[in-house]
Amino acid sequence: MDIKNNLKSFGADKMTSKERFARMYEHRDADRVPIMDYPWGVTVDRWVAEGMPDRDFVKYFGLDNVATIHADFSPRYEFKVLEDTPEYTVYTTNWGATMKNWKHIASTPDFLDFKVKDRDSWADAKARMKPGRDRVNWKELEKNYPIWQKEGYWIVGGMWFGFDVAHSWMIGTERFLMALIDDPEWCVDIINTYLDINLAMMDMVWDAGYRFDEINWPDDMGYKGTQFFSLSMYRELIKPAQKRAVEWAQKKGIKTRLHSCGKIDVFIPDF
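Right, dumping it as structure tokens:
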């Protein structure tokens, strides 16, 4: 069947991003495959230097319009610059990490230290992770949401919970991987606390009248060679929280999308 002519019968010569994504999730033909990307800032710098007229790479490359509704899920530790040079900056984050980030190259930051290292320091972080209206930029949302609706954006509820944020941004990779074996109950508490504040904040946004088409969260569970943990460990410690997020979305009639870097093919049947 000629897809282009078939779509004309739906008045869909050029679909909006919302229509395009919706048909993708329904396993139906669209005018083209939905395309989105999130390039590094220095990559956009290079494109501009090479002739791209401005930093709007979505418009320039004809990508899909995707908007994400964000909230602050962190313990809100102090952001503080500790060292600033022409090449890099060392700073503390609202997740309690101390990291070194380069200014002119695209790279994963160098994580130098973490505030949360054990159950006691986690208790302090957990006490700080309470839902609140001040965790959402309501003015920006009020300003942009009508534009997203009018122009047919695919709107995403941005979430962040699971293994990735715990090991990379709050506790440290080696420490958290060891804890998955030595103190799995602590790890489950961390992951569920993350998810609790995520769902509470997304409920707050939803109840305020701002609708999104899907929820999405990044959880990098693998690296070049294999996954970070076994399938049995995934099923016991990580999957229940993911399942709870999916069920929450299904009750609202919206989709879920998981981002995960690395070689995680062993998990795919469970997904």
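Take any residue in the sequence shown, note its place counting from 1, add 1029, and you have its number in the working numbering. In this text, a Cβ means the ideal position worked out from N, Cα and C, and glycines have one as well. Source: prediction; values computed, not measured.
query: Determine the closest residue to T1222 out of V1295, V1073, Q1271 and Y1089, with distance taken between C-alpha atoms.; result: Q1271
query: Give me the Cβ distance between V1095 and V1185, rounded to the nearest whole Å; I'm assuming they're in contact under 8 Å.; result: 6 Å
query: Could you name the residues of the same chain whose beta carbon sits closer than 8 Å to that of Q1148, not counting the 5 residues immediately before and after it, in chain order?; result: The amino acid at residue 1148 is misidentified as Gln; the sequence shows Arg. Same-chain partners within the cutoff: D1212 and W1215.
query: Counting Cβ pairs, one atom from each stretch, are 3 or more of them under 8 Å apart for the segment 1230 to 1242 and the segment 1200 to 1207?; result: no
query: By the three-class DSSP mapping on this structure, what secondary structure does E1116 have?; result: coil
query: Since I believe A1195 is in contact with I1226 (beta carbons under 8 Å), could you give me their beta-carbon distance rounded to a whole number of angstroms?; result: That pair is no contact at about 13 Å.
query: Identify the residues that DSSP records as bridge partners of W1131: which are they?; result: Y1117
query: Could you check how far apart the C-beta atoms of V1077 and I1134 are, in whole angstroms? I think they sit under 8 Å.; result: Rounded, the Cβ-Cβ distance is 16 Å, inconsistent with contact.
query: Out of curiosity, what's the CA-to-CA distance linking M1262 and D1139?; result: 27 Å
query: Taking D1193 as the reference, which of C1290, L1170 and G1254 has the closest Cα?; result: C1290
query: Go ahead and pull the three-state DSSP assignment for L1092.; result: coil
query: Note down, one range per segment and in chain order, each beta strand (DSSP E) of at least 3 residues found wholly within the segment 1123 to 1183.; result: 1126 to 1131 and 1139 to 1143
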